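In the numbering used here, the protein residues as written are 1 to 130. The beta carbon of each residue, even a glycine, is placed where N, CA and C say it ideally should be. As the structure is a computational prediction, the values presented were derived from the model and not from experiment.
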C-alpha cells in the first residue's frame, strides 16, 4: 500500500526538479540529484513516524524522544550537507531559496497522502495496523 505512494512522490520530485528548476541538462544534473536526495531523506525519515502508529503522528501519538531526535538530526544533516565541502565532494550543490517552500509542499502532500492510505488500509482490514 505505501510503496506506490513513495513512487508517486519520486515522480513528483523528478517533474518539479526537471520543469520548475530546469534541472534538465547535464550541467544541472547535480541540482536534480541534490533536490531528490533532500526530498527523499525528509520523506523517508518522516514516514517512519506515519508507519509506527495507527493514529495521527505528532497529533494523537508521538514517538520516543530518541527516535524523534535521530530523525530531526538526519533531516538537518540532509538539508545542510549540500552547502558544505563534504556535499561538494559528493557532487551535491547548494539548493536555491525557492526550493525550500517546494520541499515543504512535497513533503506535506506526501505525509497527508500516506495518512489517507493508512486510513484506507485500516478500514479495509477492520482496524488492523502493523
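Item, Value
"Under the three-state DSSP convention, the category residue 40 falls into", "helix"
"Exposed unless 16 or more other CB atoms sit within 10 angstroms - verdict on residue 106", "buried"
"For residue 45 and residue 112, the rounded distance between their alpha carbons", "15 Å"
"C-beta contact flag for residue 30 and residue 91 at 7 Å", "yes"
"Reference residue 119, options 87, 17, 51, closest by Cα", "51"
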